[in-house]
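Numbering follows this note's numbering, with no gaps: position 338 of the first sequence is 618.
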Amino acid sequence: MPPYKKNDRRGAPAARGASASAGSRSPKHRGYRAEEPAAGKKARWTDEDRAARGRATYGSRDESGSGRGRGERPNWEPRGKDARRTEREWERRDRAGERPRREYDRDERPRRDGDDRPRRSFDRDERPRREFDDRPRRSFDRDERPRRDADDRPRRSFDRDDRPRRQFDRDDRPRRDSDDRPRRSFDRDDRPRRSFDRDERPRRSFDQDERPRRQFDRDDRPRRDSDDRPRRSFDRDERPRRSFDQDDRPRRQFDRDDRPRRDADDRPRRSFDRDERPRRSFDQGERPRRDSSFYPSRDEKPAFTPTDDVVLERLEAEAIEAADVEGVTFGDLGLGGNIVRALAELGAETPFPIQAATAPDVLAGKDVLGRGRTGSGKTIAFGAPMVERLMQLWAESGKAGGKRQLGRAPRALILAPTRELALQIDRTVQPIARSVGLFTTQIYGGVPQGRQVGALQRGVDIVIGTPGRIEDLVEQGRLDLSEVVITVLDEADHMCDLGFLEPVQRILRHTADGGQKLLFSATLDKGVAQLVDEFLVDPAVHEVAGEDQASSTIDHRVLVIEHRDKGAIIEQLADREGKTLVFARTRAFAEMLADQLEDAGIPAVSLHGDLNQSRRTRNLSQLTSGRVNVLVATDVAARGIHVDDIDLVIQADAPDEYKTYLHRAGRTGRAGKQGTVVTLIPRHRQRRMNELLERAEIEADFVPTAPGDDHLLTLAQ
DNA sequence: AAAAAAC
């Protein structure tokens with residue numbers, strides 16, 4: 281454990297002003313040596329020092345209050361292979377019961393030797409049970425890791441993975457999903473690839489354009505939209521589709537017969553209310569109980585006007601079709617020359633359907649709900665028109681444009697569920713904003729806030745970030761959202777999940793009254809009703825016709841296995857040339873799997889919330905750059921993350937929700953390329969898996985599998 | 001139950 285020696289280089293406690301015991305001198309006087317007694321030799325760390333430093337270093341969530349602020353990573357952190365190796369070593373110990381707290385990046389963890397950290401009594405040394413130490417990693421056998429959890433360590437989470445069965449219990453509860461999850465969601469990635477490769481430049485991302493058409497090809501899907509919907513309308517002028525606001529322009533065009541109700545009837549699927557979704561019909565058949573928890577309105581919201589309810593229940597979108605966009609340019613949509621050029625540099629020469637559909641309404645200042653499957657260009661769909669709209673508002677206000685006024689408050693905000701996604705969005709939006717002289721900045725946690733605050737003080741126009749840090753800075757008085765007139769919620773349905781909804785609501789309440797709201801997601805559904813009710817006015821709802829699984833380039837396979845074979849099977853599947861993304865349900869299991877793969881000679885890195893931000897970023901970039909071909913992640917990587925050429929997604933643990941399945945699967949099969957999704961399940965989970973697939977409208981073969989089976993080799997190819 | 005998201 282290299283960290284030990286290196287820690288010694290970090291300076292004496294007193295010198296760092298971290299010691300409370302010294303109390304003899306000002307922390308500011310670094311060189312001041314009042315008490316010579318201890319000066320003879322290098323000052324030693326006291327438990328308090330270490331504890332304080334540990335907290336500061338990790339920025340762990342548990343020890344709030346102290347050590348906040350610095351949190352910069354030590355520069356002695358191992359790199360590359362060594363880092364991975366070191367990481368695994370520490371991880372092994374952690375599993376043996378010694379780990380201080382969950383931060384996986386052991387690099388920063390001050391050694392956890394028992395000495396330093398008094399608290400975790402478990403110091404492995406004493407721990408009897410550590411027996412595991414010997415076989416920590418084989419993790420697969422959940423059996424072994426018994427009691428240690430018991431102790432205090434919450435994280436030992438590992439267990440859960442292994443002990444699948446327990447979960448089981450809940451599995452049976454299929455119903456809930458039904459309700460919540462509406463549509464087939466194609467979603468997941470809305471954002472074109474551009475993203476993740478931070479390294480490379482954002483722009484190209486747009487390459488999506490190149491694969492835009494595919495999506496469109498949905499022509500095949502005759503069903504819904506086409507018929508009922510006026511789609512062709514492309515002339516936004518008349519645009520029938522946005523219709524959503526029935527109030528305003530409902531009747532017109534649509535009037536045709538179908539419109540009001542038709543949604544429900546004709547185009548079942550896209551409807552946001554899953555309840556009505558026809559296809560899954562099976563499900564509901566069986567479970568009539570659909571909770572309808574998502575129907576805020578009718579039941580528990582008296583304040584709601586019937587009209588609003590109608591909107592939410594339908595959440596029926598106007599589906600635009602590929603043919604509607606033919607010949608349409610970004611300029612036709614109302615975007616200015618600079619922005620059009622910036623888009624071209626990003627690789628977006630012509631608008632994708634979702635972009636063409638939402639841009640006019642965004643520019644018109646309307647609230648918009650947009651649904652488009654992975655890679656359909658959602659980021660540009662809200663990013664480009666948002667920038668154009670900001671310029672227009674600025675011009676209308678009569679203020680001088682183009683000048684960066686020191687300390688001016690941001691006028692636009694984009695919220696994302698994960699830091700990686702926020703970074704990815706910024707890579708696309710920043711060049712567009714800069715093309716017209718606007719500035720963006722990222723505001724997310726896990727990194728020192730200094731730079732972020734500095735950027736805000738210099739003045740930015742668009743803030744892109746995650747809820748936690750944004751709310752934190754608002755409370756600190758360092759971020760003023762009162763002038764935010766355009767707010768975007770990416771992965772909006774997810775932002776309405778428990779844990780996210782309230783912070784998001786509080787943040788939205790800080791923005792300007794009456795500000796424009798744009799909600800996007802591949803799986804946008806009624807789950808957003810609460811936000812729609814409180815913050816949106818007569819939203820226009822858009823989606824792209826033909827985006828169904830049948831038109832997908834992803835092959836789905838379910839392997840029915842013995843739980844004990846899970847590790848071996850994953851090894852065989854991941855032992856391949858192409859990029860492979862493995863999803864695990866918990867952070868611990870993800871870490872364990874990466875460890876196991878590495879031990880098996882298959883270079884692998886992990887991505888989950890127990891890693892510090894720099895490691896998260898580094899591990900993801902290792903997959904992006906191709907330095908490693910296997911990434912084992914939790915659902916932190918399920919939505920939005922774009923990595924080119926992932927051709928195999930392995931779900932080590934089946935997801936509970938069909939939406940999660942769709943988002944995870946959407947990491948592959950991008951840009952029209954072929955992709956394969958393999959889900960491992962124990963026999964008793966077949967029925968539940970079937971229901972989930974039905975909801976997702978995915979067809980997949982169930983194949984009994986044991987380690988060494990030929991089809992594993994085929995899948996790995 | 002888990003994961004994500006602030007210090």
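From the three backbone atoms N, C-alpha and C, an ideal C-beta is built for every residue, glycine too.
Helix or strand or just coil, what does DSSP make of G663? For the purposes of this step, residue 663 is taken as the residue at position 383 of the first sequence. Three-state DSSP puts G663 in a helix.
DSSP state of K806 mapped onto helix, strand, coil: Numbered from its first residue, the first sequence carries residue 806 at position 526. DSSP places K806 in helix when its eight states are reduced to three.
Among G627, I634 and L623, which one has its Cα closest to the Cα of A603? The count along the first sequence starts at 1 and reaches residue 603 at position 323. For A603, the nearest C-alpha among the options comes from I634.
Alpha-carbon to alpha-carbon, A644 and E606: Indexing the first sequence from 1 puts residue 606 at position 326. Indexing the first sequence from 1 puts residue 644 at position 364. Each residue's alpha carbon lies about 22 Å from the other.
In the DSSP assignment, what residue or residues form a beta bridge with F800? Taking the first sequence and counting its residues from 1, the one referred to as residue 800 is at position 520. Answer is G650 and D770, bridged to F800.
Proximal residues to G949 (C-beta, below 7 Å), its chain only, five neighbours per side dropped: As a working note, residue 949 is residue 669 in the first sequence. If we look at G949 and ignore the five residues flanking it on each side, its Cβ neighbours are S832, T833, I834 and G955.
By DSSP, does K939 sit in helix, in strand, or in coil? Start at 1 with the first residue of the first sequence, and residue 939 comes out as number 659. Helix, per DSSP.
Grouping DSSP H, G and I as helix and E and B as strand, with all else coil, what is S886? Along the first sequence, one-based indexing puts residue 886 at 606. It is a strand residue.
Taking the alpha-carbon positions, what's the A980 to L900 distance? The sequence position of residue 980 within the first sequence is 700, counting from 1. The sequence position of residue 900 within the first sequence is 620, counting from 1. Cα to Cα, A980 sits roughly 29 Å from L900.
Cutting at 8 Å between CB atoms, please list the residues of its own chain near A1012, excluding the five before and the five after it. The structure shown has nothing for residue 1012, since the chain only spans 281 to 997.
Using a Cβ-Cβ cut-off of 6 Å (strictly less than) and excluding sequence neighbours within five positions of R749, which residues of its own chain qualify? Locating residue 749 in the first sequence gives position 469, counting from the first residue. Contacts found: I723, Y724 and G725.
Which listed residue (R621, K658 and T985) has its alpha carbon closest to that of K846: By 1-based counting over the first sequence, the position of residue 846 is 566. The option with the nearest alpha carbon to K846 is T985.
Buried or exposed: E601, going by 16 or more other Cβ atoms within 10 Å of its Cβ? One-based indexing of the first sequence puts residue 601 at position 321. The residue in question, E601, is buried, as its Cβ has 16 or more Cβ neighbours within 10 Å.
Give the secondary structure of V824 by DSSP, where H, G and I count as helix, E and B as strand, and everything else as coil. Reading the first sequence from its first residue, position 544 is the one you call residue 824. Looking at V824 - three-state DSSP - the assignment turns out to be strand.
Does G795 pass the burial test, meaning 16 or more other C-beta atoms within 10 Å, or should it be called exposed? Residue mapping note: residue 795 aligns to position 515 of the first sequence, counting from 1. It is buried - the Cβ of G795 has at least 16 other Cβ atoms within 10 Å.
From the DSSP secondary-structure annotation, give me the bridge partner or partners of A913. One-based indexing of the first sequence puts residue 913 at position 633. Answer is F863 and L887, bridged to A913.
Sort out for me which residues DSSP pairs I744 with in a bridge. Reading the first sequence from its first residue, position 464 is the one you call residue 744. Answer by DSSP bridge pairing, in chain order: I694 and Q722.
Candidates G946, F982 and D925, of which the one nearest I961 by Cα: Locating residue 961 in the first sequence gives position 681, counting from the first residue. It is F982.
Looking only at DSSP bridge pairs, what is Q931 linked to? Here residue 931 is taken as the residue at index 651 of the first sequence, counted from 1. BP columns for Q931 point to F863 and T959.
Decide yes or no for the touch test of the stretch 695–704 against the stretch 766–782: beta carbon pairs closer than 8 Å, at least 3 of them. yes
Span of the beta strand (DSSP E) holding L839? One-based indexing of the first sequence puts residue 839 at position 559. Run containing L839: I834 to I841, per the beta strand (DSSP E) assignment.
Is the stretch 814–833 touching the stretch 653–669 in the sense that three or more CB pairs, one from each, lie closer than 8 Å? yes
What residue from G734, A976, T914 and Q902 has the CA that sits closest to Y938's CA? Position 658 of the first sequence, counting from 1, holds the residue named residue 938. Nearest of G734, A976, T914 and Q902 to Y938, Cα basis: A976.
Inspect the beta-carbon positions of V740 and F719 and report whether they are closer than 7 Å. For the purposes of this step, residue 740 is taken as the residue at position 460 of the first sequence. For the purposes of this step, residue 719 is taken as the residue at position 439 of the first sequence. Taking 7 Å as the Cβ cut-off, V740 and F719 qualify as a contacting pair.
So, are the CB atoms of I849 and I841 less than 7 Å apart? As a working mapping, residue 849 is identified with position 569 in the first sequence. As a working mapping, residue 841 is identified with position 561 in the first sequence. Taking 7 Å as the Cβ cut-off, I849 and I841 qualify as a contacting pair.
Assign T985 to one of three DSSP states: helix, strand, or coil. By one-based count along the first sequence, residue 985 stands at place 705. In this structure, T985 counts as coil in the three-state DSSP scheme.
Taking the beta carbon of L993 as the centre, do at least 16 other beta carbons fall within 10 Å, making it buried, or is it exposed? Counted from its first residue, the first sequence places residue 993 at position 713. Exposed, because fewer than 16 other Cβ atoms sit within 10 Å of the Cβ of L993.
Helix, strand or coil, according to DSSP, for A918 in the structure here? The count along the first sequence starts at 1 and reaches residue 918 at position 638. Three-state DSSP puts A918 in coil, outside helix and strand.
What does the alpha-carbon distance come out to for the pair L839 and V958? The residue labelled residue 839 in the question sits at position 559 within the first sequence. The residue labelled residue 958 in the question sits at position 678 within the first sequence. So the two alpha carbons sit approximately 7 Å from each other.
If you run the structure through DSSP and keep just helix, strand and coil, what is I926? Taking the first residue of the first sequence as position 1, residue 926 is located at position 646. Note: I926 maps to strand in three-state DSSP.
In this structure, how does DSSP classify A599 when only helix, strand and coil are distinguished? Your numbering for residue 599 matches position 319 in the first sequence. If DSSP states are grouped into helix, strand and coil, A599 belongs with the strands.
Hey, out of T860, M872, V709 and L673, whose CA is closest to A945's CA? Taking the first residue of the first sequence as 1, we reach residue 945 at position 665. The shortest Cα separation from A945 among T860, M872, V709 and L673 belongs to T860.
With distances taken between CB atoms, is the gap from V765 to A792 smaller than 7 Å? Reading the first sequence from its first residue, position 485 is the one you call residue 765. Reading the first sequence from its first residue, position 512 is the one you call residue 792. Yes, Cβ-Cβ distance for V765 and A792 is below 7 Å.
Start and end residues, alpha helix (DSSP H) containing K846: Your numbering for residue 846 matches position 566 in the first sequence. Per DSSP, K846 belongs to the alpha helix (DSSP H) from K846 to A854.
Quick one: Cα of G988 to Cα of R844, how far? Position 708 of the first sequence, counted from the start, is the residue given in the question as residue 988. Position 564 of the first sequence, counted from the start, is the residue given in the question as residue 844. Going by the C-alpha atoms only, they are around 14 Å apart.
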